[in-house]
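Shown next, in C-alpha cells, is the structure this report addresses.
Numbering (the working numbering), first residue to last: 29 to 313.
This is the structure:
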C-alpha cells in the first residue's frame, strides 16, 4: 500500500529544501511546507508525515547547528537520519516585474543565503534583512507588492510567485551545495530514493569524559580501525556550562566490522554514544 502522507520540508514552495525533496523522492511525491525545522521533526514524530527533509550542511557556510540540536532533542522520539541528498545552490535576485536593479533599496533572504551571496550584496548600499526562508522572502514581496525590494532565492521562485530575475548566479563559488538529511521514524520502512549513492555514512554524537586525552582516544578509535571521519562538530550540552558533545560523520555503515569495533572502543571511553542514523551516502553530498 502506498503511503500518501506528504513529505515535509521547511519554508515555502520554491525553497531549496523542497528541491531536496524532489531530488530524493521525485517530482511526483506529495510534499508539504512547514514553517520551521522543528515543525519538520514534529510532523515526523507525530506521524503526520512519513519523512522530512532538513538542511544539515552548506559547502560554503558550514554546518546548520540547529539541525544537530534537534537531532539530539528528538532522539528519544525515535527520529533518525535515513538518507541524504546534495542540492546545488544557485541564487538569484528577484523582484516585482518592472523593478530596476539600481532602484532596489532592500534585500531579504535567509541568513545562510545572505552569507552565500555576500560578495554580490556588498557591491551596493542595500539594506539587507534576514527572513525565515529564501522562498518565503520572495513570496512576501509578491504578496505585499513591495516596490524597491528584492529577495535572494532560487531562480525557480520567480515563476512561482510572478517575479522577475534582476541578477542570476549571485552565489559565491562554482560548486556551492547544501547537504540535506532525510529523517524518519527508526522503525519505519526505508524510503525509496532517486539519489546516486557512494558507500555509507553513520552520523553519531558522543560525550567525552573530562580527562586529559579523552577526545584524542575517541577519535583514535576510528583511525585505528581505518574508518574515515568526514565531519566533526562540537555543540554545547545545554546541561552545564562549558561542557560539549561531539557530532561525527563516519564514512561507514554502523554494522561494518571496522565501524562496529570502533564504536565498541568509543563506548568504553565516553559517557554517552548515540547513533543518529546510518544510511547510504549520497554521491554528490
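Every residue gets a Cβ at the ideal spot worked out from N, C-alpha and C, and that includes glycine.
### Query
Within 10 angstroms of its Cβ, does residue 152 collect 16 or more other Cβ (buried), or is it exposed?
exposed
### Message
Suppose contacts are defined by Cβ-Cβ distances below 7 Å. Is residue 302 in contact with residue 96 by that definition?
### Response
no
### Query
Quick one: is residue 239 buried, meaning 16 or more other Cβ sit within 10 Å of its Cβ, or exposed?
exposed
### Query
Whose CA, out of 87, 188, 215 and 214, lies closest to the CA of residue 43?
188
### Query
Can you tell me the Cα-Cα spacing of residue 307 and residue 99, whole angstroms?
15 Å
### Query
By the 10 Å Cβ neighbour count, where 16 or more other Cβ atoms means buried, how is residue 63 classified, buried or exposed?
exposed
### Query
Residue range of the beta strand (DSSP E) that residue 199 falls in?
Residue 199 -> no beta strand (DSSP E), and no H or E assigned at all.
### Query
Which residues in the same chain have their Cβ closer than 7 Å to the Cβ of residue 102, if we skip the five residues on either side of it in sequence?
69 and 73
### Query
How should residue 217 be labelled, buried or exposed, when 16 other C-beta atoms within 10 angstroms of its C-beta is the threshold for buried?
exposed
### Task
Determine the burial state of residue 77: buried for a count of at least 16 other Cβ atoms within 10 Å of its Cβ, exposed for fewer.
By the Cβ-count criterion, residue 77 is buried, with 16 or more other Cβ atoms from all chains shown falling within 10 Å of its own Cβ.
### Query
First and last residue of the alpha helix (DSSP H) that includes residue 144?
139 to 144
#### Entry: Helix, strand or coil at residue 277 [DSSP, three-state]
Three-state DSSP puts residue 277 in a strand.
### Query
Taking DSSP as the reference, what is the three-state secondary structure of residue 167?
helix
### Query
Is the Cβ-Cβ distance between residue 193 and residue 122 less than 7 Å?
yes
### Task
Would you identify the three-state DSSP class for residue 79, choosing helix, strand or coil?
coil
#### Entry: Nearest residue (CA-CA) to residue 79, options 59, 87 and 92
59
### Query
Just to confirm, are residue 82 and residue 106 a CB contact at a threshold of 7 Å?
no
### Message
Please confirm whether residue 171 has its beta-carbon closer than 7 Å to some beta-carbon of chain D.
### Response
This model lacks chain D altogether; it includes just one protein chain.
#### Entry: Residue(s) in a DSSP beta bridge with residue 114
207
### Message
So residue 208 and residue 112 are supposed to be a Cβ contact under 8 Å. How far apart are they, rounded?
### Response
Confirmed, about 7 Å.
#### Entry: Proximity winner among 119, 125, 206 and 38, relative to residue 195 (alpha-carbon distances)
119
### Contacts around residue 254, its chain only, beta-carbon distance under 8 Å, and the 5 residues preceding and following it disregarded
286
### Query
So, using beta-carbon positions, are residue 38 and residue 86 closer together than 7 Å?
For residue 38 and residue 86, no; Cβs fall outside 7 Å.
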